[in-house]
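These notes concern the structure reproduced below.
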Amino acid sequence: MRLASWTFEVAIAVVVVVMCCAARTTVAQSPIFHLSATKFTTTNASVTTATTVEVRCEHDSAFVSKWTAAPGLAAGDALSNGTLYNSTTVGLEYTFGGDFSPFSASNAECIARMTVEGKVRQVPSERNCSVSRAELAGDLSRERCCVVNWDDGVQLVYCLVARTTPGYACTLDAQCHGGDCRGGYCCGALGRVPGCTACASGNGGGYCAACASPYFLVKDSARRRRRSAMVDSQNTFLRTRVLPDDSAATTTLAPATDDYDLGSLTANTCYRDQPAGAGCERNQECASMQCSGGFCCDDSKYSSACTNCTADGGVCGGCEYGYELNEGACTFLNVNGAVCAADTDCATGVCRGGKCCGPKGRSKGCLACDFDGECATCDTGYINILSECFKDTSTNGGGSTDGSSNSTYANSTIIAASVAGGVAFIMVLMVAIRCIVAKRTNSDE
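Numbering-wise (the UniProt record's numbering), the sequence shown opens with residue 1 and increments by one.
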């Protein structure tokens, strides 16, 4: 009997410990510092304007937030004398691992700076403003305001508040770091999406817990969307044209599959299977997983070269450089020096000798371009100088036309080479003369 009683007491103790730990985990959160208000005041007639008010906080020099612009103001905006700017709040962030993270230290030292009459004026470090998170977290409507006075009659006031971390209880949007309170809890990035009606609670929460129709909630990241296979325009181009043996533009193409994977769906957020051409704000609202220009894209027409999709069935409405719009899809155009069969295959619109031509290859008289898009062969009556064709004015006839030879071209090329060789010879001769003079000068000394 005593053993049973002892076992029961141990079980009760374990339950109490577990409940305490669970409760501690639930209530523990780190409210995030937000810049909530700022005001510039001057009694100095010669100091009338201030711009670009920014605040930065740090905790033990280990966590330093980036400079944050005053709420409702952009860099360069002028502050009116005596006006309080508090239309919204701005969360402070610090850099961690290359990304920005919310600034939620237990306490912080904050300073401010602003541009006054064209010069940056920063609050001295000895006049830092101390801010305690515990002081603000108890009442989310409470502000900690710091006042800085300069000897020339300029005053700056800036205020900070605490905002609730995603996943913790709220009643108003304004209480949350992300500005969204849904279902009684603050939302994170996965919850601040169209269609989400409630966000999840607890540490690591803030993701969407419920979606309204016609949206649906994805709970499993293993779920994937798939569509029929297609080969993009560039690969189609390479597949239908045989590359010459001396071409550097070789490629290895995988065989077309029966199914093309559009990628896994992100768990704990809302999706919607809208058809191509429907209005959208994000990829997750489209069955094709592509929203561009405010419309769902037709996956049989869309490629990374498409700049925007249209309401007309989701076809592409524009293409990046190097592509052209062809029946609602972007067709690849080859770059300079690439293999081509017609002018329309090239981004520059010029194909000569089976290669796309660049500026030099597009010169008058060029018959064929090389692998760089420069001219490789010039027509009769033209000479090739540094891979560009120029009219040969050394003869009147412009060369023979019987097909036996191109003497004008050859002679002109020889002349150009001779001129280049003569210049080189003169340069060498000048260097030799300088050496001789220097040697004689040294011997005279």
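The beta-carbon is built from N, C-alpha and C at its ideal position, and this holds for glycine as well.
Practice problem: Measure the Cβ-Cβ separation of Y207 and N268 and say whether it is below 7 Å. | Solution: Against a cut-off of 7 Å, the Cβ pair of N268 and Y207 comes out as a contact.
Exercise. Quick one: measure Cβ to Cβ for A69 and E93, integer angstroms, because I've assumed they're closer than 8 Å.
Key: In fact, because the Cβ distance is near 12 Å, the residues do not count as touching under 8 Å.
Quiz prompt | Segments assigned beta strand (DSSP E), at least 3 residues, entirely inside the region 145-206 | solution = Unbroken beta strand (DSSP E) stretches of 3 residues or longer found wholly inside the region 145-206: 154-163 and 196-199, given in chain order.
Exercise. Identify the continuous beta strand (DSSP E) that holds residue 447 and give its terminal residues.
Key: Not covered by the structure: residue 447. The range shown for the chain is 1 to 445.
Quiz item: Relative to the C-alpha of G204, which residue among G191, V193, G167 and P214 is closest?
Solution: The shortest Cα separation from G204 among G191, V193, G167 and P214 belongs to G167.
Quiz item: Are G365 and G337 close, meaning C-beta to C-beta below 7 Å?
Solution: In this structure, G337 does not lie closer than 7 Å to G365 by Cβ.
Exercise. Return helix, strand or coil for L35, following the three-state DSSP convention.
Key: Strand, per DSSP.
Quiz item: Taking just the CA atoms, how far does G293 sit from C356?
Solution: Straight through space, the alpha carbons of G293 and C356 are spaced by roughly 32 Å.
Quiz prompt | Own chain, CB closer than 7 Å to S405, minus 5 neighbours either side, in chain order | solution = Because the pLDDT at S405 is just 41, under 50, the model does not fix this residue reliably, and the value given afterwards should be weighed accordingly. Nothing meets the Cβ criterion.
Practice problem: Helix, strand or coil for L73, going by three-state DSSP, please let me know. | Solution: When DSSP states are grouped into helix, strand and coil, L73 belongs to the coil group.
Quiz prompt | Which listed residue (T377, F103, N81 and V350) has its alpha carbon closest to that of A62 | solution = Nearest neighbour of A62 by Cα position, chosen from T377, F103, N81 and V350, turns out to be F103.
Exercise. Kindly indicate which three-state DSSP category E126 falls into: helix, strand or coil?
Key: The answer is helix: DSSP assigns E126 an H, G or I state.
Exercise. Below 8 Å on the Cβ atoms is my guess for R182 versus C159; work out the distance and round it to an integer in Å.
Key: Between R182 and C159 a beta carbon distance of about 27 Å is seen, past the 8 Å cut, so the two are scored as non-contacting.
Practice problem: Using only alpha-carbon positions, find the residue among S387, Y302 and Y382 that is nearest to T393. | Solution: The candidate whose alpha carbon is nearest that of T393 is Y382.
Quiz item: Taking all protein chains shown into account, do 16 or more other C-beta atoms lie within 10 angstroms of the C-beta of V339, making it buried, or fewer, making it exposed?
Solution: Taking all protein chains shown into account, V339 has 16 or more neighbouring C-beta atoms within 10 Å of its C-beta and is therefore buried.
Quiz item: Under the three-state reduction of DSSP, which class applies to T43: helix, strand or coil?
Solution: Three-state DSSP puts T43 in coil, outside helix and strand.
Quiz item: When the Cα atoms are used, what is the spatial distance from Y85 to D299?
Solution: C-alpha separation (whole angstroms): 46 Å.
Exercise. Just tell me which of S30, C170 and A311 has its CA closest to the CA of R133.
Key: Minimum Cα distance to R133 is reached at S30.
Exercise. Out of T164, Q175 and V193, state which residue places its alpha-carbon closest to the alpha-carbon of G202.
Key: Among T164, Q175 and V193, the Cα nearest to that of G202 belongs to T164.
Quiz item: In the structure shown, what three-state DSSP assignment does E374 receive?
Solution: Annotated three-state conformation of E374 is coil, per DSSP.
Exercise. Determine the direct distance from the alpha carbon of D273 to that of F237, and round the result to whole angstroms.
Key: A caution first: F237 carries a pLDDT of 28, below 50, which makes its placement in the model too unreliable to give a value.
Practice problem: For the region 111-120 and the region 134-141, state whether three or more C-beta atom pairs, one from each stretch, are separated by less than 8 Å. | Solution: Touching, no.
Exercise. Return the residue from the list K39, A105, C330 and T51 that minimises the CA-CA distance to T115.
Key: Out of K39, A105, C330 and T51, T51 has the C-alpha closest to the C-alpha of T115.
Self-check item: Straight-line gap, C57 to V147 (C-alpha atoms, nearest Å)
Solution: The straight-line gap separating the alpha-carbon atoms of C57 and V147 is approximately 15 Å.
Quiz item: Taking the beta strand (DSSP E) that L217 falls in, what are its first and last residues?
Solution: Looking at the DSSP string, the run of the beta strand (DSSP E) that includes L217 is F216 to V218.
Quiz prompt | Cβ pair T89, S36 closer than 7 Å | solution = For the pair T89 and S36, the CB atoms are nearer than the 7 Å cut-off.
Quiz item: How big is the Cα-Cα spacing for L156 and V47?
Solution: In this model, L156 and V47 are separated by some 13 Å (Cα to Cα).
Exercise. Please name the residue, chosen from L73, T43 and P214, that lies closest to D151 on a Cα-to-Cα basis.
Key: When only C-alpha atoms are compared, the closest one is T43.
Exercise. Using three-state DSSP, classify L136 as helix, strand or coil.
Key: If DSSP states are grouped into helix, strand and coil, L136 belongs with the helices.
Quiz item: For Q274, which residues does DSSP report across the bridge?
Solution: For Q274, DSSP records a beta bridge to C286.
Exercise. Count the other CB atoms, across all protein chains shown, that sit within 10 Å of the CB of T95; report buried if there are 16 or more and exposed otherwise.
Key: Classification for T95: exposed.
Practice problem: Between the Cα of K39 and those of C378, A74 and L79, spot the shortest distance and give me the residue it belongs to. | Solution: Measuring C-alpha to C-alpha distances from K39 to each of C378, A74 and L79 identifies L79 as the nearest.
Practice problem: Would you mind giving the Cβ-Cβ distance between A329 and K301, rounded to the nearest angstrom? I have them listed as a contact below 8 Å. | Solution: The C-beta distance from A329 to K301 rounds to 4 Å, short enough to fall under 8 Å.
Practice problem: Note down the Cα distance separating N283 from C375, rounded to an integer number of angstroms. | Solution: The alpha-carbon separation between N283 and C375 amounts to approximately 45 Å.
Exercise. Evaluate T331 with the Cβ neighbour count: other Cβ atoms within 10 Å of its Cβ, from every protein chain shown; 16 or more gives buried, anything less gives exposed.
Key: T331 should be labelled buried.
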